[in-house]
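With full-length UniProt numbering, letter number 54 in the sequence shown gets 98, and the count goes up by one each step, no holes.
Heads up, the beta-carbon is just placed ideally off N, CA and C, and yes, glycines get one too.
Accompanying notes for the structure given below.
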Amino acid sequence: LRQIKTGDDDFGLMTYDPAYTNTASCRSSVTFIDGDVGILEYRGYPIEQLAEKSTYLEVAYLLVYGELPTQQQLDWWVNEITLHTFVHENVKEFVGGFRHDAHPMGMLLGAVGALSTFYPDAFDIDDPASREIQTIRLISKMPTLAAFAYRHIQGRPYVYPDNDLAYPDNFLSMMYKMTELKYEPDPRLSRALDILFILHADHEQNCSTSAVRSVGSSQVDPYSAVAAGIAALYGPLHGGANEAVLRMLRRIESVDNIPGFIEGVKAGNERLMGFGHRVYKNYDPRAKIIKSAAEDVFEVTGRNPLLDIALELEKIALEDEYFVQRKLYPNVDFYSGLIYEALGLPVEMFPVMFAIPRTSGWIAQWLEMTQDGEQKIARPRQIYTGDRGRDYVPIASR
Ligand code: ACO
45 LRQIKTGDDD
55 FGLMTYDPAY
65 TNTASCRSSV
75 TFIDGDVGIL
85 EYRGYPIEQL
95 AEKSTYLEVA
105 YLLVYGELPT
115 QQQLDWWVNE
125 ITLHTFVHEN
135 VKEFVGGFRH
145 DAHPMGMLLG
155 AVGALSTFYP
165 DAFDIDDPAS
175 REIQTIRLIS
185 KMPTLAAFAY
195 RHIQGRPYVY
205 PDNDLAYPDN
215 FLSMMYKMTE
225 LKYEPDPRLS
235 RALDILFILH
245 ADHEQNCSTS
255 AVRSVGSSQV
265 DPYSAVAAGI
275 AALYGPLHGG
285 ANEAVLRMLR
295 RIESVDNIPG
305 FIEGVKAGNE
315 RLMGFGHRVY
325 KNYDPRAKII
335 KSAAEDVFEV
345 TGRNPLLDIA
355 LELEKIALED
365 EYFVQRKLYP
375 NVDFYSGLIY
385 EALGLPVEMF
395 PVMFAIPRTS
405 GWIAQWLEMT
415 QDGEQKIARP
425 RQIYTGDRGR
435 DYVPIASR
């Protein structure tokens with residue numbers, strides 16, 4: 045440790061914590077997790093109650109403002125979000141410039157980053173009115189950009205927002221509307237989607253939220269900070285596990301093949317995707333809710349036989365000593381991919397479906413950070429392991 049003392053006023057002590065597994069990077073009052081017992085609360089409200097009684101937009105208000113809205117506040121909020129769902133026509137053209145086979149998450153990442161150039165007022169992060177309008181714009185426009193990205197890879201014309209529709213219905217309309225007729229999804233599907241949005245809205249200092257805070261600490265505009273969050277979520281270790289679950293279920297193919305598959309997992313050949321979590325050492329509370337939402341969706345779309353494989357895998361794993369000892373339980377991704385697939389989404393859209401609702405969590409955490417007097421620019425230290433004091437060698441002598 046003495047070697048990292050840089051001056052007389054430097055006490056030379058620092059922690060070495062790669063991936064910050066044991067380092068709190070901030071104080072936060074947004075989301076509480078107790079992974080040992082499987083508790084998740086937004087602003088103190090249990091996720092189970094919010095998923096049952098609330099809507100995604102109400103939850104977004106709760107995350108952003110810290111309190112559940114009154115009816116009047118909710119009406120104002122929903123109206124504001126609805127008013128800002130359209131994007132500038134040039135943003136539409138920007139999305140249109142991507143290759144036909146571009147990954148929709150890459151398109152979303154680029155488009156959200158580009159939004160900062162459309163709202164130069166967003167750099168005024170000290171102005172509460174500016175922070176509020178950027179918050180509203182981000183939450184409103186994310187489904188529009190996501191649906192444009194989907195339509196782009198489908199080669200279909202973009203569908204503009206229908207502001208008579210509720211938030212999840214509007215998203216489904218922009219995704220799937222095929223005729224001039226109004227698109228009104230089955231209410232059970234839009235409710236299931238809204239529940240998924242609620243469950244994915246925030247999860248304290250995960251990789252993407254830490255990216256938003258870290259980039260945001262440079263006082264850049266919130267679009268650029270949220271684009272950093274999307275970039276982090278793009279990675280398969282964060283936003284891509286539900287896709288891996290779906291591929292695994294397809295590969296297992298039938299319930300009869302499960303015992304052999306489980307033996308392979310226990311032998312260390314592969315992992316049971318959608319199981320285990322860095323923080324939850326108990327059943328992920330979101331997985332329980334998603335499991336029952338999946339049943340509701342299949343009532344409308346018809347039962348996907350992969351659900352039976354998933355249910356049987358869960359049953360066997362929860363009774364197996366290997367999984368019990370290691371405290372491996374289903375996580376949020378175990379059932380979500382099945383719902384997305386039933387809603388007609390290709391796997392490339394799965395991380396995008398995560399990014400839409402996580403935007404409210406990112407922006408709530410960003411707002412909290414901008415108001416935190418203790419926040420400085422994020423700047424971790426390092427333990428230097430390289431050479432020192434070498435003399436430059438001319439190229440001819442190397
Ligand atoms: N299947 C089989 N064994 C597993 C699994 C799994 N899914 N997860 C962990 N283990 C085993 C490990 O092999 C290890 O066993 P060992 O002690 O005999 O070596 C032990 O459990 C501990 O595993 P770690 O990798 O140390 O646990 P960590 O907390 O680092 O990993 C993670 C958590 C990455 C989520 C892991 O459980 C995993 O890879 N799960 C599958 C992928 C997945 O579902 N990811 C989504 C997470 S949720 C989210 O990001 C939104």
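Annotated three-state conformation of D78 is strand, per DSSP. Judged by the Cβ position, G320 qualifies as a neighbour of the ligand ACO at the 7 angstroms threshold, a heavy atom of the ligand being closer than this.
Excluding five sequence positions before and after S72, the CB atoms of its chain that fall closer than 8 angstroms to its own CB belong to E248, Q249, Q409 and E412, given in chain order. The residue among G279, Q263, L240 and D238 with its C-alpha nearest the C-alpha of S252 is G279. In this structure, L233 has its beta carbon at no less than 7 angstroms from each heavy atom of the ligand ACO.
The Cβ neighbour count for T223, taken over all protein chains shown within 10 Å, is under 16; the residue is labelled exposed. Between P374 and G318, the gap from beta carbon to beta carbon is short of 8 angstroms. Uninterrupted alpha helix (DSSP H) stretches at least 4 residues long and entirely within the stretch 304 to 359 occur at 329 to 345, given in chain order. Between the stretch 364 to 374 and the stretch 56 to 72 there are fewer than three inter-stretch CB-CB distances shorter than 8 angstroms, so the stretches are not counted as touching. For N375, the shortest separation between its Cβ and any heavy atom of the ligand ACO lies below 7 angstroms. In the structure shown, L107 falls within a helical segment according to DSSP collapsed to helix, strand and coil.
Of the heavy atoms belonging to the ligand ACO, at least one sits nearer than 7 angstroms to the Cβ of M317.
When DSSP reads this structure, P438 sits in no beta bridge, so it has no partner.
In the three-state scheme derived from DSSP, where H, G and I count as helix and E and B as strand, I169 is classed as coil. Three or more Cβ pairs closer than 8 angstroms define a contact, and the stretch 422 to 437 falls short of that threshold against the stretch 171 to 180. Secondary structure of Y86 (DSSP, three-state): strand. Taking 3 residues as the minimum length, the stretch 101 to 150 contains no beta strand (DSSP E) run wholly inside it.
Remark: the C-beta of L372 is in contact range of the ligand ACO, defined as less than 7 angstroms to any heavy atom. A distance below 8 angstroms separates the beta carbons of I242 and V103. Here P374 is bridged, per DSSP, to F319. At a Cβ-Cβ threshold of 8 angstroms, A399 and F378 do not count as neighbours. In this structure E385 is not in contact with L237, their Cβ atoms being roughly 13 angstroms apart against a cut-off of 8 angstroms. In this structure, the beta-carbon distance from A155 to L182 does not fall below 8 angstroms. In the displayed model, H196 falls within a helix according to three-state DSSP. Look at A104: its beta carbon is at least 7 angstroms from all of the heavy atoms in the ligand ACO. The three-state secondary structure of A155, taken from DSSP, is helix.
Rounded to the nearest angstrom, the gap between the Cα atoms of R87 and L112 is 9 angstroms. Rounded to the nearest angstrom, the Cβ distance from N326 to V81 is 6 angstroms, consistent with a contact under 8 angstroms. Taking 8 angstroms as the cut-off, the beta carbon of P187 is found no closer than this to the beta carbon of F162. In this structure, DSSP gives D52 a state outside helix and strand, which the three-state scheme calls coil. Proximity of the beta carbon of H282 to the ligand ACO is indicated: a heavy atom of the ligand is located closer than 7 angstroms.
Counting C-beta pairs closer than 8 angstroms gives fewer than three between the stretch 94 to 110 and the stretch 345 to 364, which falls short of the contact rule.
As the crow flies, the alpha-carbon of H144 is around 5 angstroms from that of I197. In this structure, V135 is the residue among P164, A166 and V135 with its C-alpha nearest to the C-alpha of M151.
Annotation: R235 to G417 spans about 39 angstroms, alpha carbon to alpha carbon. Within the same chain, and ignoring the five residues on either side of V309 in sequence, the residues whose Cβ sits closer than 6 angstroms to its Cβ are L316.
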